[in-house]
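Chemist:
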Amino acid sequence: MKNMRQVPLNKEVLRLAVPSLLANITIPLVGIVDTAIAGHISDASAIGGIAIGTMLFDLLYWNFGFLRVGTAGMTAQAWGKEPHSNSAHNVTHSVGAGTNAILIQSLTTALVASLLIWLLQYPFIVISLRLIPCSPEVAAFAREYFFIRIWAAPATLSLMALRGWFIGMQNTIATMIVDLVVNSVNMLASWLLAVHTPLGAMGVAWGTLIAQYSGMAVAAGILLTRYAVSGSLAETRSALQWQRMKRLMVLNKDLFIRSICFMVVYVGFTSLSARYGDTELAVSSIIMKLFMLFSYFIDGFAYAGEALTGRYIGAREDDNVRRVVGVLLIWTLSIGIVCSLLYGITGTSMIGVMTNDKNIIAASKPYLIWLWLMPVASSAAFLWDGIYIGATAGKELRNCMIWSAVGFALTYALLERPFGMQALYGAYFVHLAVRTLYLSLLWKDTKEKSFGVL
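Numbering (the numbering used here), first residue to last: 1330 to 1783.
1) Is residue 1780 helix, strand or coil by DSSP?
2) Whole angstroms is fine: what's the gap from residue 1707's alpha carbon to residue 1525's?
3) Does DSSP put residue 1498 in a helix, in a strand, or in coil?
4) Please go through the same chain and pick out, in chain order, the residues whose beta-carbon is closer than 6 Å to the beta-carbon of residue 1410, but skip the five residues on each side of it.
5) Going by DSSP, what residue range makes up the alpha helix (DSSP H) through residue 1349?
6) Buried or exposed: residue 1627, going by 16 or more other Cβ atoms within 10 Å of its Cβ?
7) Classify residue 1776 as buried or exposed, calling it buried when 16 or more other Cβ atoms lie within 10 Å of its own Cβ.
8) Excluding sequence positions up to five away, which residues of its chain have a Cβ less than 6 Å from the Cβ of residue 1537?
9) What are the boundary residues of the alpha helix (DSSP H) that residue 1461 is part of?
10) Whole angstroms is fine: what's the gap from residue 1416's alpha carbon to residue 1408's?
11) Nearest CA to the CA of residue 1713: which residue from 1689, 1662, 1750, 1679?
12) Look up residue 1530 in the DSSP assignment and say whether it is helix, strand or coil.
13) Quick one: is residue 1451 buried, meaning 16 or more other Cβ sit within 10 Å of its Cβ, or exposed?
14) Please state if the CB of residue 1715 and the CB of residue 1581 are separated by a distance shorter than 7 Å.
15) Quick check: the segment 1485-1495 against the segment 1438-1454, are there 3 or more CB pairs under 8 Å?
16) Give me the residue from 1584, 1750, 1589, 1434 with the minimum Cα distance to residue 1572.
17) In chain order, what residues of the same chain have a beta carbon less than 7 Å from the beta carbon of residue 1461, not counting five sequence neighbours either side?
18) Assess, as a yes-or-no matter, whether the segment 1715-1730 is touched by the segment 1683-1700 under the definition of 3 or more beta carbon pairs within less than 8 Å.
19) Give the C-beta separation of residue 1591 and residue 1395 to the nearest angstrom, bearing in mind that I take them to be a contact with Cβ-Cβ under 8 Å.
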């Protein structure tokens, strides 16, 4: 297709990526503060209870990640079809019928899912704690923590939908503001309630609850003041008709399966690490945390990929899609190379920052090669996720993660006996390689299908 316009893509990429990078800086701090609060005012059971409770919510909400991902891609395409997208720098408060309908559909899905979570909360926590080996004291704390935080489900899931919608509307500043509010309120409220009220360590759970609803209030304020959205009964009924919701539901189904495959890899990595003892588990946990620091930088460019790819596909601008993919690949590969060099030079020192246990530091050395390689190996995989989300290629993303999870499991099963713990890192590396190769080879056909060529 002929390109309709030329846009300064590097400027657009940074405009969308930088706010997400700034917001992501605060994400690791929340977990650190929560753990530090519990560690200074309570005992080990509180630390363990918070760790288990947090893990349960991560597992629970991970499966609803489609609320952000699917909403972002579909909104970006709808936004690209609307008249204001003919100017790359035109800032407008108007909302077209397509983007308005996706907002209604996504928020409705979030609220229905919240009700489902509330209905199933008791069997979920009972079954989960039976499957997780922990002391009665830790289980009791985790249960109480869970039953407090669960009431934040409507805010948490609605925020997922709104973050996706804002990204699709090319407004990552809104998501940055919301994330900064949520994370800042979380840290402050948790500290105040835990340290200065009789709630003790359980104040951390109440702090998280307050933070989620604070973020929801801020997001609603941005939505209502910046965008002329319509929530009329007629608009809502029209948006919720099955024929209009079908595409979103099919996309969400594929993304839900993708999320389950992600869990197989990431939960499997941690669970299998525990088989090799506490020291090896600590090493793998620290290395994964350091690796995730890198992913926070790449996420900003992946979000830019979601917004821009969807926008240009919606506007039917084939050449701009090709250009944005090229620009984003250069950015992410460059960041990957720089991070790999930093990990290679300072890897041992970074481990030392995370722990002063000499046994853990010594045990980490045989695995540092994986930390050095991961940024370069994963940068394209993370970016392709964002590009395919913008193309609303749910089926391709689903199939890619199925094969990646299979690659992870097979590699570990085949290599574990001769290589031990190294096989687990190799399996994780293979899953990244499968994602990169699969999505790279499939992109040309996927792009053409998005434009209706195939």
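Heads up, the beta-carbon is just placed ideally off N, CA and C, and yes, glycines get one too.
Modeler: Working from what's here:
1) coil
2) 43 Å
3) Correct three-state label for residue 1498: coil.
4) 1643.
5) 1338-1353
6) buried
7) By the C-beta density criterion, residue 1776 is buried, having at least 16 other C-beta atoms within 10 angstroms.
8) 1478, 1515
9) Counting along the chain, residue 1461 falls outside any alpha helix (DSSP H), and DSSP gives it neither H nor E.
10) With a pLDDT of 43 at residue 1416, under the threshold of 50, the modelled position of that residue is not reliable, and no figure is offered here.
11) Answer by Cα proximity: 1662.
12) helix
13) By the neighbour-count rule (16 or more Cβ atoms within 10 Å), residue 1451 is not buried but exposed.
14) no
15) yes
16) It is 1434 whose Cα lies nearest to the Cα of residue 1572.
17) 1381
18) Counting C-beta pairs closer than 8 Å gives fewer than three between the segment 1683-1700 and the segment 1715-1730, which falls short of the contact rule.
19) Between residue 1395 and residue 1591 the Cβ distance is about 11 Å, and since that is not below 8 Å, they are no contact.
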